[in-house]
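In what follows, a single structure is set out as structure tokens and then discussed.
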Amino acid sequence: MKDICLKFSLKMYIILTIEFQQMMSVLSGNAGEYCKLYTKPERNPMRKLALTDEILLNIEKPARYTGGEVNSVTKDPAHVDIRFAMCFPDVYEIGMSHLGIQILYDMFNRREDVWCERVYSPWTDLDRIMRDEQIPLFALESQDPIKEFDFLGITIQYEMCYTNILQVIDLSGIPLNACDRSESDPIVIGGGPCTYNPEPLADFFDMFYIGEGETVYDQLLDAYKENKKHGGSRKDYLQKAAEIEGIYVPQFYRTEYKEDGTIASFTPTDPHAKQTIQKQMIADLTDTYYPMTPVVPFIKVTQDRVVLEIQRGCIRGCRFCQAGMLYRPTRERDVETLKQYACAMLKNTGHEEISLSSLSSSDYSQLKELVTFLIEEFKDEGINICLPSLRIDAFSLDVMGKVQDIRKSSLTFAPEAGSQRMRDVINKGLTEEIILDGAGQAFEGGWNKVKLYFMLGLPTETKEDMKAIPRLADKIARRYYEIPKDKRSGKCQITTSTSFFIPKPFTPFQWAKMYDTEEYIARAAVVKHEFQEQLNRKSLKYHWHEADVTVLEGVFARGDRRLSKVILEAYRLGCLYDSWTETFDNEKWMQAFENTGVDIGFYNLRERDQGEIFPWDFIDIGVTKDFLYQEWERAMKGEVTPNCRVKCSGCGVMKYKGGVCIESKN
Numbered sequence: 026m027k028d029i030c031l032k033f034s035l036k037m038y039i040i041l042t043i044e045f046q047q048m049m050s051v052l053s054g055n056a057g058e059y060c061k062l063y064t065k066p067e068r069n070p071m072r073k074l075a076l077t078d079e080i081l082l083n084i085e086k087p088a089r090y091t092g093g094e095v096n097s098v099t100k101d102p103a104h105v106d107i108r109f110a111m112c113f114p115d116v117y118e119i120g121m122s123h124l125g126i127q128i129l130y131d132m133f134n135r136r137e138d139v140w141c142e143r144v145y146s147p148w149t150d151l152d153r154i155m156r157d158e159q160i161p162l163f164a165l166e167s168q169d170p171i172k173e174f175d176f177l178g179i180t181i182q183y184e185m186c187y188t189n190i191l192q193v194i195d196l197s198g199i200p201l202n203a204c205d206r207s208e209s210d211p212i213v214i215g216g217g218p219c220t221y222n223p224e225p226l227a228d229f230f231d232m233f234y235i236g237e238g239e240t241v242y243d244q245l246l247d248a249y250k251e252n253k254k255h256g257g258s259r260k261d262y263l264q265k266a267a268e269i270e271g272i273y274v275p276q277f278y279r280t281e282y283k284e285d286g287t288i289a290s291f292t293p294t295d296p297h298a299k300q301t302i303q304k305q306m307i308a309d310l311t312d313t314y315y316p317m318t319p320v321v322p323f324i325k326v327t328q329d330r331v332v333l334e335i336q337r338g339c340i341r342g343c344r345f346c347q348a349g350m351l352y353r354p355t356r357e358r359d360v361e362t363l364k365q366y367a368c369a370m371l372k373n374t375g376h377e378e379i380s381l382s383s384l385s386s387s388d389y390s391q392l393k394e395l396v397t398f399l400i401e402e403f404k405d406e407g408i409n410i411c412l413p414s415l416r417i418d419a420f421s422l423d424v425m426g427k428v429q430d431i432r433k434s435s436l437t438f439a440p441e442a443g444s445q446r447m448r449d450v451i452n453k454g455l456t457e458e459i460i461l462d463g464a465g466q467a468f469e470g471g472w473n474k475v476k477l478y479f480m481l482g483l484p485t486e487t488k489e490d491m492k493a494i495p496r497l498a499d500k501i502a503r504r505y506y507e508i509p510k511d512k513r514s515g516k517c518q519i520t521t522s523t524s525f526f527i528p529k530p531f532t533p534f535q536w537a538k539m540y541d542t543e544e545y546i547a548r549a550a551v552v553k554h555e556f557q558e559q560l561n562r563k564s565l566k567y568h569w570h571e572a573d574v575t576v577l578e579g580v581f582a583r584g585d586r587r588l589s590k591v592i593l594e595a596y597r598l599g600c601l602y603d604s605w606t607e608t609f610d611n612e613k614w615m616q617a618f619e620n621t622g623v624d625i626g627f628y629n630l631r632e633r634d635q636g637e638i639f640p641w642d643f644i645d646i647g648v649t650k651d652f653l654y655q656e657w658e659r660a661m662k663g664e665v666t667p668n669c670r671v672k673c674s675g676c677g678v679m680k681y682k683g684g685v686c687i688e689s690k691n
């Protein structure tokens with residue numbers, strides 16, 4: 026009897042949660058929107074779920090898999106030409122927080138002939154059940170198997186999700202290797218930042234989309250419809266896709282290697298394949314797609330808030346930062362449009378927090394106007410405003426003081442390096458004076474908690490540079506205690522975290538070497554010991570990133586096609602959710618390298634020569650390789666390069682004729 030009650034309760038929970046979310050629209054005075062949602066015949070909470078009640082009762086967070094959330098899109102499969110499964114290869118809570126998928130989900134579903142649905146990696150408990158009971162992976166909206174779709178699109182955000190990608194393909198019943206797929210299998214396409222070096226995953230994908238998704242996806246989908254209409258084969262479509270700018274079809278290319286293991290040549294093997302793949306970029310961010318009605322999850326997710334992307338790109342030119350190079354030139358969204366977006370998204374979701382998303386929000390030229398508007402517009406509605414990626418200056422601190430509860434919040438500084446010499450090497454553009462002055466203003470404004478982020482293992486780093494990290498943290502603490510005691514908010518807390526530097530493609534540091542696990546641990550030990558020597562050590566806390574994960578991430582960041590067999594072997598050995606501490610198994614990864622005969626040292630422990638061909642050299646992101654090498658040489662000399670608004674450095678992206686590159690001409 027107890028089991029029957031539990032089953033009934035779970036089903037009623039799912040149904041009533043949907044109904045509750047819809048009824049909230051009525052209670053907030055939005056009855057028209059409620060009726061619009063409620064009368065849609067496809068929004069039927071009684072639809073058949075892919076998982077039985079017994080399974081849902083025995084897994085963690087069943088709402089990860091039931092779908093039916095407010096603002097999710099359902100269509101009649103008989104009335105669409107293309108079904109697209111959009112995948113984030115991690116758990117629901119993380120995937121639901123990703124803005125890129127929200128944009129594409131909205132963009133695709135605006136087309137009447139396309140139905141885009143969502144799918145995420147099943148957590149380990151459901152993974153075991155699906156394998157044991159041979160349940161195919163399914164989409165949230167329809168609960169239909171992914172195998173029945175035309176496309177499986179996977180966003181690739183992080184190197185340590187690679188085995189999760191194989192999990193998604195495998196559980197879908199799709200052959201892992203692209204060369205083994207039949208006419209009935211979905212086209213597997215990858216996108217996201219890791220596709221700027223797609224080679225370690227080349228064997229598993231039919232194609233990669235290089236660049237921003239708002240540009241040629243319509244062309245790609247139209248080509249699929251046309252090929253299907255005329256009875257074309259899978260290969261016919263891949264050839265058509267290869268002719269579209271920004272689309273890379275790995276099976277149409279061949280890599281040859283020298284005796285020393287470096288690349289001798291990378292050439293197309295099909296006449297439809299291009300020699301160079303051009304990054305796709307949307308020049309006008311204002312006049313493009315943006316999701317006004319993002320999906321609202323039933324459970325708490327990583328970023329349970331409205332996300333407002335205010336700009337793309339960064340003017341700063343930090344030499345370690347891949348995103349700062351990939352998304353050049355910096356482009357802003359019109360402030361009036363952003364105001365409209367903010368109002369519409371908060372109304373359509375019921376969220377109580379809005380985050381302004383950018384690589385460097387302080388550099389958005391209309392930030393003051395936008396934040397002032399948000400404060401005034403929502404001052405009586407309890408809306409929190411989140412301002413990440415701010416430089417700590419007087420304006421930023423003033424704004425944060427208005428939108429944050431100072432007693433509960435902490436400020437984040439990212440000096441990245443402890444010594445001025447190292448900050449010049451990485452072109453951070455911060456002096457110790459600026460850092461201490463910013464900290465002082467924050468302390469005087471009422472804050473007493475600061476988070477500091479640094480990197481260890483940067484090119485040219487010495488022991489003195491390492492020791493400079495805790496010394497800088499201590500100087501910040503000293504600045505706090507310079508404030509008269511009656512004006513301080515108790516003791517200060519300075520939390521310092523170090524990650525280990527990983528050279529990324531398309532950065533000036535792509536030529537740099539890395540270190541082995543033991544060396545990284547030794548460097549962290551130097552920093553930890555120095556923290557214990559500081560005057561204010563009781564106010565200082567220190568954390569560091571896992572060295573084992575760093576080594577693997579470094580291998581896959583700059584790896585080539587030979588790593589596909591390592592990833593496949595690791596997956597077969599049971600590696601999954603490698604970015605999660607509780608599931609990461611370094612011994613299995615080391616076994617995979619040993620079993621496949623691939624040498625980690627070849628990828629990590631050597632500095633590259635200027636003329637070496639990189640696995641990603643066939644991709645053109647606008648920033649030239651000559652410019653990147655020039656910046657590498659300037660780094661070795663400790664020379665600083667001005668930011669894009671101070672002076673153009675001739676990086677190459679002027680050819681796009683957009684954003685910051687043409688500001689001075691307007």
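Per the working numbering, residue 26 is the first one in the sequence shown, and the count goes up by one each step. The beta-carbon is built from N, C-alpha and C at its ideal position, and this holds for glycine as well.
Query, Result
"Whether residue 126 touches residue 109 by CB criterion (7 angstroms)", "no"
"Cβ-Cβ separation, residue 353 to residue 310 (assumed contact under 8 angstroms), whole Å", "That pair is no contact at about 13 angstroms."
"Residue 266 to residue 406 span [Cα, whole Å]", "48 angstroms"
"Residues of its chain near residue 419, where Cβ-Cβ distance is below 7 angstroms and the 5 sequence neighbours each way are ignored", "466"
"Minimum Cβ-Cβ distance from residue 536 to chain C less than 7 angstroms", "This model lacks chain C altogether; it includes just one protein chain."
"7 angstroms Cβ cutoff met for residue 92 and residue 166", "yes"
"Host beta strand (DSSP E) of residue 421 (start-end)", "Unbroken run through residue 421 is the alpha helix (DSSP H), 419-428; no beta strand (DSSP E)."
"Proximity winner among 148, 673 and 390, relative to residue 115 (alpha-carbon distances)", "148"
"Contact check, residue 582 vs residue 527, beta carbons under 7 angstroms", "yes"
"Given residue 95 as reference, the closest of 290, 318 and 611 once Cα atoms are compared", "318"
"Residue 619, DSSP secondary structure in three states", "helix"
"Residue 410 versus 134, 399 and 680, residue with shortest Cα-Cα distance", "399"
"Nearest neighbour of residue 184, chosen from 284, 436, 554 and 225 [CA to CA]", "225"
"Cβ shell of residue 677 (< 7 angstroms), same chain only, five flanking positions each side left out", "647, 648, 649 and 652"
"Residue 450 - containing beta strand (DSSP E), residue span", "Counting along the chain, residue 450 falls outside any beta strand (DSSP E), though it belongs to the alpha helix (DSSP H) covering 445-450."
"For residue 177: DSSP bridge partner residues", "110 and 213"
"Cβ neighbour criterion (16 or more within 10 Å) applied to residue 222", "buried"
"Burial state of residue 680, where buried means 16 or more other Cβ atoms lie within 10 Å", "exposed"
"Delimiting residues of the beta strand (DSSP E) encompassing residue 569", "565-569"
"Spatial distance of residue 47 from residue 365 (CA atoms)", "Residue placement at residue 47 cannot be trusted, given a pLDDT of 39 that sits under 50; the coordinates are not used to answer."
"Distance between beta carbons of residue 304 and residue 645, contact taken as under 8 angstroms", "6 angstroms"
"DSSP state of residue 76 mapped onto helix, strand, coil", "coil"
"Three-state secondary structure (DSSP) of residue 232", "strand"
"Rounded C-alpha distance that separates residue 453 from residue 440", "7 angstroms"
"Burial state of residue 264, where buried means 16 or more other Cβ atoms lie within 10 Å", "buried"
"Beta strand (DSSP E) segment containing residue 279, residue limits", "278-282"
"Simplified DSSP assignment, three categories, for residue 53", "Any reading at residue 53 needs caution, since the residue's pLDDT is 35, under 50, leaving its predicted position unreliable; the model's value is listed next. If DSSP states are grouped into helix, strand and coil, residue 53 belongs with coil."
"Endpoints, beta strand (DSSP E) assigned at residue 140", "139-145"
"Extent of the continuous alpha helix (DSSP H) to which residue 193 belongs", "187-196"
"Proximity winner among 490, 476 and 156, relative to residue 522 (alpha-carbon distances)", "476"
"Between the CA atoms of residue 610 and residue 618 - distance to the nearest angstrom", "13 angstroms"
"Runs of alpha helix (DSSP H) wholly within the region 384-423 (minimum 4 residues, chain order)", "392-402"
"Selected residue, minimal CA-CA separation from residue 560, among 519, 229 and 588", "519"
"Start-to-end residues for the beta strand (DSSP E) that takes in residue 519", "518-525"
"Three-state class that DSSP yields for residue 290 in the structure shown", "strand"
"Same chain, Cβ closer than 8 angstroms to residue 340, five either side skipped, listed in chain order", "355, 385, 388, 668, 669, 670 and 685"
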